[in-house]
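Numbers 1 to 346, taken from UniProt numbering, label the letters of the sequence shown in order.
Glycine included, each C-beta is placed from N, C-alpha and C at the ideal position.
Bear in mind the structure is a predicted one, so any value in this text is a computation, not a measurement.
Have a look at the structure below, then the notes.
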Amino acid sequence: MSVKCQILLTNTEDGVFRAGLPVSGKLKYSLDTVTRYDSIDISLIGKGWCRWSETDCDTVHFFLNKEDNVTLTKNIFNAKPNDGKVLAGKYEYLFKFILPVNVPSSFKNKTCTIIYKVIAKFVESGSVNHTDKFDVEVPVRGYVEPCSPEPLIFGLKKELFSFTSKNQVTVKGKIEKTFLQPGENIALRLTINNDSDVPVNLLTELYAFHTYTSDKIKNNARKFERESVRSTAGVSPTLKEKSVSRLTCIVPTRASYTIQNSNVLKREYLVRVTARLPFPYFNEYVEIPVVIGEKKEEYKDEIERYKDDQLVIVEVPSTCDKYNEENVDTHFGGPINNWSLKSHMC
Numbered sequence: 001m002s003v004k005c006q007i008l009l010t011n012t013e014d015g016v017f018r019a020g021l022p023v024s025g026k027l028k029y030s031l032d033t034v035t036r037y038d039s040i041d042i043s044l045i046g047k048g049w050c051r052w053s054e055t056d057c058d059t060v061h062f063f064l065n066k067e068d069n070v071t072l073t074k075n076i077f078n079a080k081p082n083d084g085k086v087l088a089g090k091y092e093y094l095f096k097f098i099l100p101v102n103v104p105s106s107f108k109n110k111t112c113t114i115i116y117k118v119i120a121k122f123v124e125s126g127s128v129n130h131t132d133k134f135d136v137e138v139p140v141r142g143y144v145e146p147c148s149p150e151p152l153i154f155g156l157k158k159e160l161f162s163f164t165s166k167n168q169v170t171v172k173g174k175i176e177k178t179f180l181q182p183g184e185n186i187a188l189r190l191t192i193n194n195d196s197d198v199p200v201n202l203l204t205e206l207y208a209f210h211t212y213t214s215d216k217i218k219n220n221a222r223k224f225e226r227e228s229v230r231s232t233a234g235v236s237p238t239l240k241e242k243s244v245s246r247l248t249c250i251v252p253t254r255a256s257y258t259i260q261n262s263n264v265l266k267r268e269y270l271v272r273v274t275a276r277l278p279f280p281y282f283n284e285y286v287e288i289p290v291v292i293g294e295k296k297e298e299y300k301d302e303i304e305r306y307k308d309d310q311l312v313i314v315e316v317p318s319t320c321d322k323y324n325e326e327n328v329d330t331h332f333g334g335p336i337n338n339w340s341l342k343s344h345m346c
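Shown next as structure tokens:
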């Protein structure tokens with residue numbers, strides 16, 4: 001009968017594991033008969049990849065790239081010569097891996113995936129090695145660096161065609177913080193000089209900008225995507241012609257976060273301020289780059305505490321009970337074939 005396995009991760013305060021800090025938990029597995037194994041390993045694996053296609057006339061071009069962000073493996077059992085038996089029973093091991101400091105955050109969409117997993121692998125002995133794999137996904141948050149000074153001054157000017165007089169709209173703005181925590185609001189302080197003959201209003205919204213990079217870098221093989229972040233748009237009151245107004249506009253960031261330190265993906269954020277004009281005039285906008293995330297310095301003490309730690313695997317002897325067909329109900333409260341798997345097989 002196959003091995004039954006659970007991988008249980010230690011809960012964190014906000015449900016994510018941060019770069020430079022531990023990923024810890026418990027591996028539990030059980031065997032109802034003596035089984036021969038070449039090895040039993042537990043690993044922390046982090047990978048990223050992107051792929052897409054583009055059509056040029058009748059030719060379809062495929063683009064892809066991949067990266068290995070972390071590979072840490074610890075052997076739990078290694079067969080001795082001529083003896084790879086693991087006794088029937090249930091076993092528990094505590095594990096702790098330390099994430100590298102400069103890994104990117106987890107991410108997934110139709111073009112790109114950055115994913116981290118704890119994987120348990122059981123390699124049976126024999127002429128044809130049968131391998132059972134179990135895994136659990138690890139949500140990871142990477143650190144990011146600022147990209148703009150604070151505070152940041154910005155502005156836009158829109159000149160409207162007119163035969164009779166000066167006709168323009170100018171917006172001068174100031175953003176105090178260009179580096180924000182996920183969920184923190186962006187405050188824009190705006191002065192609008194509507195020196196025109198038409199009313200205007202302002203639209204503020206947060207945009208995410210994704211850059212995917214394939215391994216065909218010599219051909220500048222990149223894909224760009226821009227999308228507005230849901231529920232971040234705000235519209236000002238109508239600003240009358242020939243008027244000066246001062247506004248403070250709030251743009252929420254929700255649970256957004258910037259992604260850096262990846263070779264396959266870069267995710268950036270921009271706040272767009274749009275001056276909206278009536279027909280037949282065209283709108284005018286300005287975009288301000290912001291970074292949403294956490295700085296490595298915020299976790300400096302914790303990172304220092306763990307930087308020299310080695311992989312830790314500790315057997316929990318009190319729960320490594322051996323059982324047989326006669327006492328299986330005593331140990332598990334029922335036949336082992338009634339168990340359900342908590343972690344899934346690869």
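Counting other Cβ atoms within 10 Å of its Cβ, Gln-6 reaches 16 or more and is therefore classed as buried. Your pair Tyr-91 and Ser-43 does not check out as a contact, with CB atoms roughly 17 Å apart and the cut at 8 Å. For Lys-300, the enclosing alpha helix (DSSP H) begins and ends at 300-306. The stretch 225-234 and the stretch 274-284 do not touch, with fewer than three beta-carbon pairs separated by less than 8 Å.
Just so you know, the alpha carbons of Leu-8 and Leu-265 end up roughly 29 Å apart. Secondary structure at Glu-225: strand, using DSSP grouped into helix, strand and coil. The count of Cβ pairs closer than 8 Å, one atom from the stretch 138-157 and one from the stretch 165-176, reaches three, so the stretches are in contact.
In this structure, Ala-19 and Pro-149 do not form a Cβ contact; the two beta carbons are roughly 25 Å apart against a cut-off of 8 Å. Look at the beta carbons and you see the stretch 259-274 touching the stretch 93-113: at least three pairs across the two are nearer than 8 Å.
Around the CB of Glu-145, fewer than 16 other CB atoms lie within 10 Å, so the residue is classed as exposed. Annotation: the continuous beta strand (DSSP E) that includes Lys-266 extends over 265-276. By the Cβ neighbour-count rule, Glu-159 is exposed, with fewer than 16 other Cβ atoms within 10 Å of its own.
Going by beta carbons, Pro-199 and Leu-239 fall inside the 8 Å limit.
For Tyr-37 against Gly-89, the beta-carbon gap comes to about 13 Å, at or over 8 Å, which does not count as contact. With distances taken between CA atoms, Asp-197 lies nearest to Lys-166 out of Lys-166, Ala-208, Tyr-207 and Pro-182. Beta bridge pairing from DSSP links Val-118 with Leu-44 and Val-136.
Between Leu-203 and Val-169, the C-beta spacing is not below 8 Å.
In the DSSP assignment, Ile-288 falls within the unbroken beta strand (DSSP E) covering 284-292. Straight-line measurement puts the Cα of Glu-67 at about 22 Å from the Cα of Gly-293.
Looking from the CA of Gly-183, the closest CA among Ile-288, Lys-307 and Leu-206 belongs to Leu-206. Taking a cut-off of 8 Å on C-beta distances, the stretch 123-140 does not touch the stretch 49-67, as fewer than three cross pairs fall below it.
Under DSSP, the beta-bridge partners assigned to Pro-22 are Ile-98. Shortest Cα-Cα distance from Tyr-285 to any of Val-291, Lys-296 and Arg-272 involves Arg-272. Under the DSSP assignment, Ser-243 falls in the beta strand (DSSP E) whose first and last residues are 243-251. Within the DSSP secondary-structure output, Gly-89 pairs in a beta bridge with Leu-31.
If you draw a straight line from the Cα of Val-138 to the Cα of Thr-12, it is about 11 Å long. For the 8 Å CB-CB criterion, Tyr-93 and Val-314 form a contact.
In the displayed model, Glu-176 falls within coil according to three-state DSSP, outside both helix and strand.
Judged by their CB atoms, Ile-186 and Val-291 are not nearer to each other than the 8 Å cut-off. For Gly-155, the enclosing beta strand (DSSP E) starts and ends at 152-159. The DSSP-derived three-state label of Glu-145 is coil. Shown here, Glu-297 sits in a helix according to DSSP, grouped into three states. Straight-line spacing of the CA atoms in Tyr-143 and Cys-57 works out to 42 Å. Residue pairing by DSSP places Phe-107 opposite Ile-114 in a beta bridge.
Here the alpha carbon of Trp-52 sits roughly 9 Å from the alpha carbon of Tyr-212.
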